[in-house]
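Q: Got a structure for you, questions after.
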Amino acid sequence: MKPAPFTYHDPTTADEAVALLATHEDAKILAGGQSLMPMLNMRFVVPDDVIDLNRIDGIAGIRDAGESIEIGAMTRQRDLMRDDVIATKAPIIPAALHWVGHFQTRNRGTIGGSLCHLDPAAELPCLMALYDAELTVQGPDGARKIPFAEWPLAYMIPSIGPDELLTGVSVPHWGGNTGHGFVEFSRRHGDFAIVAAAALLTVDAGKITRAAISIGGADVRPIRLTEAETALVGATPDAGTFKAAAEIARGIEAMSDAYVSSAYRQRLAATLVERALAAAASNLNGSA
Numbered sequence: 374m375k376p377a378p379f380t381y382h383d384p385t386t387a388d389e390a391v392a393l394l395a396t397h398e399d400a401k402i403l404a405g406g407q408s409l410m411p412m413l414n415m416r417f418v419v420p421d422d423v424i425d426l427n428r429i430d431g432i433a434g435i436r437d438a439g440e441s442i443e444i445g446a447m448t449r450q451r452d453l454m455r456d457d458v459i460a461t462k463a464p465i466i467p468a469a470l471h472w473v474g475h476f477q478t479r480n481r482g483t484i485g486g487s488l489c490h491l492d493p494a495a496e497l498p499c500l501m502a503l504y505d506a507e508l509t510v511q512g513p514d515g516a517r518k519i520p521f522a523e524w525p526l527a528y529m530i531p532s533i534g535p536d537e538l539l540t541g542v543s544v545p546h547w548g549g550n551t552g553h554g555f556v557e558f559s560r561r562h563g564d565f566a567i568v569a570a571a572a573l574l575t576v577d578a579g580k581i582t583r584a585a586i587s588i589g590g591a592d593v594r595p596i597r598l599t600e601a602e603t604a605l606v607g608a609t610p611d612a613g614t615f616k617a618a619a620e621i622a623r624g625i626e627a628m629s630d631a632y633v634s635s636a637y638r639q640r641l642a643a644t645l646v647e648r649a650l651a652a653a654a655s656n657l658n659g660s661a
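Next comes the structure, spelled out in structure tokens:
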């Protein structure tokens, strides 16, 4: 199939894009197009207008801001995988992006497109939940910042207004002796995750001083396993500790679908969290 007719717009500034959103009720944003184009072709969405962000300067790129990494919303997934700042300060991002689709997908897909599409099984929302990232959106009244914990409102619905544009993402830098682990289970390589688990661990003097765990694919939004994170602090980073923390994942809210049951996702979440924690402990190297 081919898309239904629509009016195409290609603004060159973020202000121009916001103005178009404010004056066109039934408009869709085109970033990388990896989700939108198939939906247009299959007529799952039939917008009157499509606003292409690819000619806008200033909303792509990666910048080291010291305590955080500032990422433009139109930054391609390929660039996240190849960037030296990301590799040094947030290596879990390229590790997770190897699971995303195929290289053609990553060449076009953007971080902002993934976060706005907000598929619960996508890797980037899971990582932004892990990092407590902060998102910047621009609207007619200027820019505002949204903590990622407040970003998912419901299934594939982010907390962004119809006349607002996601322009950037701020990812905090974990310093010290920090390791990362990301594991995923899907039906085929390149498919969305049935369950994915991501972990960050900071260890000092043989004890865990800070931990973060997020789970993707299990529920309608990424899950932070805060109870397990709290239990890990002060513990020794060993197999017994990780198994006990992972057992907490068996109690998460999980959805059923045509492929697997909620109980299956709960069991899988426990297994993958244990593996992600073990991976994080195995590569403690002073950065995450």
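For what it's worth, my numbering labels the leading residue of the sequence shown as 374, then goes sequentially.
Glycine included, C-beta positions come from ideal geometry on N, C-alpha and C.
1. Just the Cα atoms here: how many angstroms apart are residue 389 and residue 401?
2. Relative to the alpha-carbon of residue 586, which residue among 481, 379 and 570 has its alpha-carbon at the smallest distance?
3. Compare the C-alpha of residue 677 against each of 503, 490, 589 and 624 and name the closest.
4. List the endpoints of the continuous alpha helix (DSSP H) containing residue 449.
5. If you draw a straight line from the C-alpha of residue 563 to the C-alpha of residue 480, how long is it?
6. Assign residue 462 to one of two classes, buried (16 or more other C-beta atoms within 10 Å of its C-beta) or exposed (fewer than that).
7. If you run the structure through DSSP and keep just helix, strand and coil, what is residue 476?
8. On the CB-based measure, 16 or more other CB atoms within 10 Å of its CB, does residue 385 come out buried or exposed?
9. In terms of alpha-carbon separation, which member of 412, 408 and 629 lies closest to residue 593?
10. At what residues does the alpha helix (DSSP H) containing residue 457 begin and finish?
11. Quick check on this structure: which residue in 413, 466, 472 and 506 has the alpha carbon closest to the alpha carbon of residue 561?
12. Could you spell out where the alpha helix (DSSP H) holding residue 436 opens and where it closes?
13. Residues bridged to residue 551 by DSSP?
14. Find the nearest neighbour of residue 430 within the set 422, 443, 448 and 417, judged by alpha-carbon distance.
A: Inspection of the coordinates gives the following:
1. Distance between the alpha carbons of residue 389 and residue 401: 15 Å.
2. 570
3. Only positions 374 to 661 of the chain appear in this structure, which leaves residue 677 out of reach.
4. Residue 449 -> no alpha helix (DSSP H), and no H or E assigned at all.
5. Taken atom to atom, the span from the alpha-carbon of residue 563 to that of residue 480 is near 14 Å.
6. buried
7. helix
8. The residue is exposed, with fewer than 16 neighbouring Cβ atoms inside 10 Å.
9. Nearest Cα to residue 593 within the set 412, 408 and 629: 629.
10. 457 to 462
11. 472
12. Here residue 436 belongs to no alpha helix (DSSP H); instead the beta strand (DSSP E) covers 435 to 437.
13. 575
14. 448
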